[in-house]
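S.K.: This is the structure, below, for whatever I ask next.
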Amino acid sequence: MDTIIADEERILRVWTPRILRTILLAAIALLVFGLIMLAWQNPSYYVARFHSLQGNVRYQNRKSLTGLIVTALAGDPRSIMTLGLMVLTLVPLVRVAFCFLLFVKERDGIYVAFTAYVLIGLVAGVILGRVG
Amino acid sequence: MLIMLGLLALAVGAGFIGALSGLGGGVFIVPALLIFARIPMSVAVGASMISVVATSAGASVAFVRDGWTNLRVAMALECATVTGAVTGAYLAGIVPTWVLELLFALMMLQSAYFTMTKTGESIVPRSDPLADRLKLGGRIPAASGNKEIHYGVINVPGGAILMLVAGLMSGLLGIGSGALKVMAMDYVMHLPLKVSSATSNFMIGVTAGAGALVFLARGDVATVIAAPVALGVTAGAVVGGRLLPHANVQSLRTMFVAILLLIAVEMGWRALSGF
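Chains P and X, in that order, are what the protein sequence lines are.
The opening position of the first sequence corresponds to residue 62 in our numbering, with each subsequent residue numbered one higher.
The opening position of the second sequence corresponds to residue 13 in our numbering, with each subsequent residue numbered one higher.
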């Protein structure tokens, strides 16, 4: 029992907060940077985009990850923000991955299966979104 | 620039009220975007879902440090919520808007009922055979002294069914469904209220994350709305969370219930008038 608590302590209470905080700060930095860039470079685009969304114009922001990174590196604010949103969704994924590691370490078969199912569910969401 | 600041202000307000009421920002930002920013439901849902992930990510940095989160209960039930959330987010692209609005109104009524009735504690000393096999029971500090109280867990299938519904609602409506999750754990599985709340907070991010991934992969997240909303709701939630220990939540309860009922009426009206 003590070993289990020590593992939980190390995996959940030491490593996880550090890594989650880093991912979260990276996501916030990308979002803030993208928003400031957009407001600075092309404020009229923001207003036009907002009004077209109000008019229920179908919005599709569907790029490949490579395409997104390339345009973000080229300084496109929308791609930078989309990348920020993607980094943000890594937080729950990483959290479940840490739980998976913990249960593997504890050799708890049922919970390894549960966390694996959740991870597969998260990945299935991406696939379903791409084909849907 | 004014529009961006207006969205930020709306989001900060929604995150603040969401944290004080314990219901999360999603419940308030979706109607705020619909009513004040005149954004269509589909766009509001995508932006809100991202904001739920952001808020939960901010809170989860403290990750189970509180000692109240029951990790095993969370992961066992997460199987149901993630299944529901992925299905819901997929269906959100197909289901007519009036159905989403009607479901939102029903969820507001459920949240109002939950806010009015969350008082009791009904701990069971022993788990039932399934919960025992899954090692779901745990310990919490006793109200007095250094002793710990052991709590059992019962009716896992019943809780899992409600969690599936909670996940489905998260995916369809872009909310955390925290009120439904806590009800499933508290009323159905008889977990202590504080354990239910902490475990629900832990689960919300993963559930919303599953839905957000479907929306992002489908290209249905309007970045220009989602980015300021996510930042604003998170900032509001941080301030609300800081104020929470000093606020007289009991006296605010009536106001929260009134807001929830108003939102339910507005969403119900939108659904039925657009029917």
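The beta-carbon is built from N, C-alpha and C at its ideal position, and this holds for glycine as well.
Assuming glycine 38/X and alanine 249/X form a contact by the criterion Cβ under 8 Å, report the distance between their Cβ atoms to the nearest whole angstrom.
M.R.: With 8 Å as the limit, glycine 38/X and alanine 249/X do not qualify as a contact, their Cβ atoms being about 11 Å apart.
S.K.: Which term fits tryptophan 101/P, buried or exposed, when burial requires 16 or more other beta carbons within 10 angstroms of its beta carbon?
M.R.: exposed
S.K.: Which residue or residues does DSSP assign as beta-bridge partners of valine 141/X?
M.R.: As written in the sequence, residue 141/X is proline, which differs from the valine given in the question. Beta-bridge pairing links proline 141/X to no other residue.
S.K.: For a contact meaning CB atoms closer than 9 Å, what does tyrosine 102/X contact in chain P?
M.R.: Gly186, Leu189, Gly190, Gly193
S.K.: Would you give the residue range spanned by the beta strand (DSSP E) that arginine 151/X belongs to?
M.R.: 150-153
S.K.: Using the rule of at least 16 other Cβ atoms within 10 Å of the residue's Cβ for burial, across every protein chain shown, is methionine 142/P buried or exposed?
M.R.: buried
S.K.: How would you label phenylalanine 48/X, buried or exposed, when you count the other beta carbons within 10 angstroms and need 16 or more for buried?
M.R.: Looking at its Cβ environment, which holds fewer than 16 other Cβ atoms inside 10 Å, phenylalanine 48/X is exposed.
S.K.: Work out the CA separation of glycine 190/P and leucine 228/X for me, nearest whole Å.
M.R.: Looking at the backbone, the Cα of leucine 228/X and that of glycine 190/P are separated by about 7 Å.
S.K.: Is the separation between the beta-carbon of glycine 294/X and that of glycine 30/X shorter than 8 Å?
M.R.: Here chain X comprises residues numbered 13 to 287, so residue 294/X is not present and cannot be evaluated.
S.K.: Would you mind stating whether alanine 210/X and threonine 127/X have Cβ atoms separated by less than 8 Å?
M.R.: Taking C-beta atoms as the reference points, alanine 210/X and threonine 127/X fail to come closer than 8 Å.
S.K.: Tell me the residue span of the alpha helix (DSSP H) that contains isoleucine 41/X.
M.R.: 38-47
S.K.: Note down, in chain order, every chain P residue with its Cβ under 9 Å from the Cβ of glycine 253/X.
M.R.: Result: empty, since nearest Cβ-Cβ is about 15 Å, beyond 9 Å.
S.K.: Please report the residue range of the alpha helix (DSSP H) in which tyrosine 199/X lies.
M.R.: Bounds of any alpha helix (DSSP H) do not take in tyrosine 199/X, whose DSSP letter is neither H nor E.
S.K.: What residue ranges within the stretch 108-164 of chain P form continuous alpha helix (DSSP H) runs of no fewer than 4 residues, ordered along the chain?
M.R.: 126-134
S.K.: Go through its chain and collect everything with a Cβ distance to methionine 62/P's Cβ below 6 Å, but skip five positions before and after it.
M.R.: Confidence at methionine 62/P is low in this model, with a pLDDT of 47, below 50, so the placement of that residue should be treated as unreliable; the coordinate-derived value is given next. The answer is none, since no qualifying residue turns up.
S.K.: Mind checking if phenylalanine 175/P is an interface residue toward chain X, Cβ cutoff 8 Å exclusive?
M.R.: yes
S.K.: Check each candidate in Glu113/X, Met279/X, Val136/X, Met197/X and name the one with the smallest Cα separation from serine 212/X.
M.R.: Met197/X
S.K.: Which of the residues in the stretch 154-175 of chain P, read from start to end, lie with their CB under 7 Å from any CB of chain X?
M.R.: Leu154, Arg156, Val157, Cys160, Ile171, Tyr172, Phe175
S.K.: Rounded to the nearest angstrom, how far is the Cβ of alanine 109/P from that of leucine 149/P, given a contact under 8 Å?
M.R.: Not really, about 25 Å apart at Cβ, beyond 8 Å.
S.K.: Do you know offhand how far alanine 104/X's Cα is from phenylalanine 111/P's?
M.R.: 21 Å
S.K.: Give me, in chain order, the residues of the same chain whose beta-carbon lies closer than 7 Å to that of alanine 234/X; leave out the 5 immediate sequence neighbours on both sides.
M.R.: Val55, Gly58, Ala59
S.K.: For threonine 127/P, count neighbouring C-beta atoms within 10 Å of its own C-beta (all shown protein chains included) and say buried if the count is 16 or more, exposed if not.
M.R.: exposed
S.K.: Quick check: what's the CA-CA separation for leucine 81/P versus glycine 286/X?
M.R.: Those two C-alpha atoms are separated by around 43 Å.
S.K.: Identify whether methionine 16/X lies in helix, strand or coil by the three-state DSSP scheme.
M.R.: The three-state secondary structure of methionine 16/X, taken from DSSP, is helix.
S.K.: Can you give the Cα-Cα distance for lysine 147/X and leucine 225/X, rounded to whole angstroms?
M.R.: 31 Å
S.K.: Could you give the residue range of the alpha helix (DSSP H) that holds isoleucine 80/P?
M.R.: 77-102
S.K.: Which residues in chain X sit within 8 Å of glutamine 115/P, going by Cβ to Cβ distance?
M.R.: Ala49, Arg50, Ile51, Pro52
S.K.: Taking Cβ-Cβ distances below 7 Å as the criterion, which residues of the stretch 107-120 of chain X are in contact with chain B?
M.R.: Absent from the structure is chain B; the protein chains it does hold are P and X.
S.K.: Within 8 Å of any Cβ in chain X, is that where the Cβ of leucine 81/P sits?
M.R.: yes
S.K.: Determine whether the Cβ of threonine 18/P lies closer than 8 Å to any Cβ atom of chain X.
M.R.: The structure shown does not extend to residue 18/P, since chain P is modelled only from 62 through 193, so no value can be given for it.
S.K.: Counting only Cβ pairs nearer than 7 Å, list the residues of chain X close to phenylalanine 94/P.
M.R.: What phenylalanine 94/P touches in chain X: nothing, since even the nearest Cβ is about 10 Å away.
S.K.: Is glutamine 115/P buried or exposed, if buried means 16 or more other CB atoms sit within 10 Å of its CB?
M.R.: Exposed: under 16 other Cβ atoms inside 10 Å.
S.K.: Take glycine 170/X and list the residues in its own chain whose beta-carbon comes closer than 6 Å to its own, dropping the five residues that flank it on each side.
M.R.: If you ignore the 5 residues before and after glycine 170/X, its C-beta comes within less than 6 Å of the C-beta of Val200, all in its own chain and listed in chain order.
S.K.: With a threshold of 16 other CB atoms inside 10 Å of the CB of arginine 151/X, please say whether the residue is buried or exposed.
M.R.: exposed
S.K.: What residue range is occupied by the uninterrupted beta strand (DSSP E) comprising glutamate 113/X?
M.R.: Glutamate 113/X -> not in any beta strand (DSSP E); alpha helix (DSSP H) instead, spanning 109-129.
S.K.: Is it buried or exposed for alanine 238/X, if we count other Cβ within 10 angstroms and need 16 for buried?
M.R.: buried
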